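Residues in the sequence shown are numbered consecutively from 1, following UniProt numbering.
The beta carbon of each residue, even a glycine, is placed where N, CA and C say it ideally should be.
Please read these numbers as outputs of a predicted model, since none were measured by experiment.
First the structure, in the form of structure tokens, and then the observations on it.
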Amino acid sequence: MAYAFEDHCWKDVVDKDILEIYKAYERETFIGIKPALLLIDLYNSAYQGGAKPPIELQSEFPSSCGIYAWEAIEPTNSLFKAVRALGIPVIYLTSDQLTRRRGVKVSATNRKGGAPTADAFEIYHEFAPQPEDLLVYKTRASAFQGTPLASYLTMMGVDSLIVAGESTSGCVRASVVDAYSHGYHTVIVEECVYDRSPISHKISLFDLHHKYADVMHIDEVLEHLAKRPAPQLVQS
């Protein structure tokens with residue numbers, strides 16, 4: 001299915017004057033030749049409290065993305081199925097809860113919150129890693145900052161990324177900007193990323209789409225993947 005370059009979730013918040021200013025960014029979107037699936041923070045705390053508006057979960061589950069996380073489950077599972085069928089590498093990112101210095105906590109954002117539950121940063125059961133998958137622990141927002149991710153991507157022969165996860169305005173955004181800086185063509189699957197704030201989600205996707213990545217719809221991504229043979233990657 002073909003979409004216009006601006007046919008995305010930000011249409012109701014970005015006016016025509018801004019779209020005119022950003023016309024210089026219009027281009028054909030695509031998935032790279034040897035992609036990897038990068039899954040950012042698909043951990044339990046994002047789903048705690050169930051499919052409710054995040055504001056209703058703040059007192060008990062302040063890190064939950066509520067309904068937005070739950071709405072992304074089905075399209076993300078569809079993405080998993082297509083990627084695994086092609087043998088595309090799957091890479092998970094989650095919070096490093098082990099590296100600590102007494103009295104000093106390095107975190108992804110300046111957000112304050114209560115103590116997480118013991119399993120808060122374990123991958124949500126719907127997306128359980130397989131033995132062949134890579135799990136990378138990070139302390140900052142970006143998947144690249146202070147992690148061996150770039151080295152693994154080089155060893156696997158990866159030239160591009162397909163991104164899903166959360167939050168759009170936080171760790172997804174930071175990771176995608178760094179991916180661009182590292183020279184990776186990146187696709188963000190619109191229905192597979194989410195945020196506690198709808199406006200932050202939409203504007204972040206708008207900015208990323210124009211400057212650093214291709215935002216594509218899930219059916220568009222699945223159509224692209226269905227047309228390609230399994231990539232021949234160098235295994236580490």
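What first and last residue would you give for the beta strand (DSSP E) that runs through G165? S160 to E166
Does DSSP put V234 in a helix, in a strand, or in coil? A caution first: V234 carries a pLDDT of 47, below 50, which makes its placement in the model unreliable, though a value can still be read off. Look at V234 here: in three-state DSSP terms it is coil, with no helix or strand label.
Three or more C-beta pairs closer than 8 Å, one from the region 45-61 and one from the region 138-145: is that the case here? no
At 3 residues or longer, what runs of the beta strand (DSSP E) sit wholly inside the region 179-209? Fully enclosed beta strand (DSSP E) runs of 3 or longer: 185-194.
Completely contained alpha helix (DSSP H) runs for the region 5-38, where each covers 4 or more residues: 16-21
Counted within 10 angstroms of its Cβ, other Cβ atoms place S236 as buried (16 or more) or exposed: At S236, the pLDDT of 47 sits below 50, so the modelled position is not reliable; the number obtained from the coordinates is stated separately. Result: exposed.
For the beta strand (DSSP E) containing Y92, name the first residue and the last one. V90 to S95
Going by DSSP in three states, K138 sits in which element: helix, strand or coil? strand
Which stretch, first to last residue, makes up the alpha helix (DSSP H) that contains V83? I73 to A85
When DSSP labels each residue in this structure, what does Y212 get in the three-state scheme? Three-state result, Y212: coil.
Going by CA-CA distance only, name the one from A226, E126 and A120 that's closest to E74. E126
V13, buried or exposed, once every other Cβ within 10 Å from all chains shown has been counted against 16: exposed
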